[in-house]
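Residue numbers (this note's numbering): 1437 to 1606. We treat Cβ as the ideally placed atom computed from N, Cα and C, and that holds for glycine. Single-structure report; data block below.
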Amino acid sequence: MTPAFKEWSYIVEALGTGKQNIIIRKGGIHEEGSDFEIKSKKFLLFPTLFHQAKDLVKSDWFEAFDPEKFHKEQDKVRIEYFAEIADSRIITEWDKLAKLFPFHAWNESIIKERFERWEKRAHLLIVQIYKLNEPQTIALLPEYGGCKSWVDLEGDFNLEGKPVINKMIR
């Protein structure tokens, strides 16, 4: 089994193209206590269409992106990237989280909604993204569904690849 982090296809694309190197997370409804926990420091990125909405991302970041890119085959998903956590923090002040807007593909409304849901806080992961040397298309199994951040993927994945260069560094 290989740990995988579920994230909107738009965000996986932003991470995989170097437009973004942070993940902001609150926690899925089906997670214990509805709170986010880091399950692994190194994990695959599992692109999902679940809860994804084009109007909640910065449209200029995705002018040529097809949100179905990772879902070309019926009941399958393409896994192209993995991440390694360089640092993590819990952000409890809105002003601090707001300073990260330029570095995340979500628009302000979704970040604010996520921050204010339940407790006013969000998890921030600073990640290095890698393009897998051997991307794989896998079956979408029922256990991969639902509103949760982490899934364990069946099969062997070689977590080796080339680092994606962060285009946000100035």
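Can you tell me which of the three DSSP states isoleucine 1546 falls into? For this step, residue 1546 is matched to residue 110 along the sequence shown. Helix at isoleucine 1546.
Beta-carbon proximity of phenylalanine 1506 to leucine 1568, cut-off 8 Å: Counting from one through the sequence shown, the residue named residue 1506 turns up at place 70. Counting from one through the sequence shown, the residue named residue 1568 turns up at place 132. Not a contact, by the Cβ cut-off of 8 Å.
Whole angstroms are fine: how far does the CA of tyrosine 1446 sit from the CA of proline 1538? For the purposes of this step, residue 1538 is taken as the residue at position 102 of the sequence shown. For the purposes of this step, residue 1446 is taken as the residue at position 10 of the sequence shown. Going by the C-alpha atoms only, they are around 16 Å apart.
Leaving aside the five residues before and after tyrosine 1580 along the sequence, list all residues of the same chain whose C-beta is less than 6 Å from its C-beta, in chain order. Position 144 of the sequence shown, counted from the first residue, corresponds to residue 1580. Cβ-Cβ distances below 6 Å link tyrosine 1580 to Val1587 in the same chain, with the five nearest sequence neighbours on each side left out; the list follows chain order.
Short of 7 Å in beta carbon distance, which residues of its chain neighbour phenylalanine 1479, apart from the five on each side in sequence? Order them along the chain. In the sequence shown, counting from the first residue as 1, residue 1479 sits at position 43. Closer than 7 Å at the Cβ level, and outside the excluded window around phenylalanine 1479, lie Pro1439, Ala1440, Phe1441, Phe1518, Ala1519.
Taking the C-alpha atoms as reference points, what is the distance between leucine 1451 and lysine 1508? Counting from one through the sequence shown, the residue named residue 1451 turns up at place 15. Counting from one through the sequence shown, the residue named residue 1508 turns up at place 72. So the alpha carbons of these two residues sit roughly 20 Å apart.
Does DSSP put isoleucine 1459 in a helix, in a strand, or in coil? On the sequence shown, residue 1459 is found 23 positions in, with the first residue counted as 1. Here isoleucine 1459 sits in strand by DSSP.
Closest by CA to isoleucine 1521, which one among Asp1471, Lys1477, Asn1602? Indexing the sequence shown from 1 puts residue 1521 at position 85. Taking isoleucine 1521 as reference, the option from Asp1471, Lys1477, Asn1602 with the minimal CA-CA separation is Lys1477.
Among Ser1545, Gln1572, Arg1550, which one has its Cα closest to the Cα of proline 1483? If you number the sequence shown from 1, residue 1483 lands on position 47. Restricting attention to Ser1545, Gln1572, Arg1550, the CA atom closest to the CA of proline 1483 is found in Gln1572.
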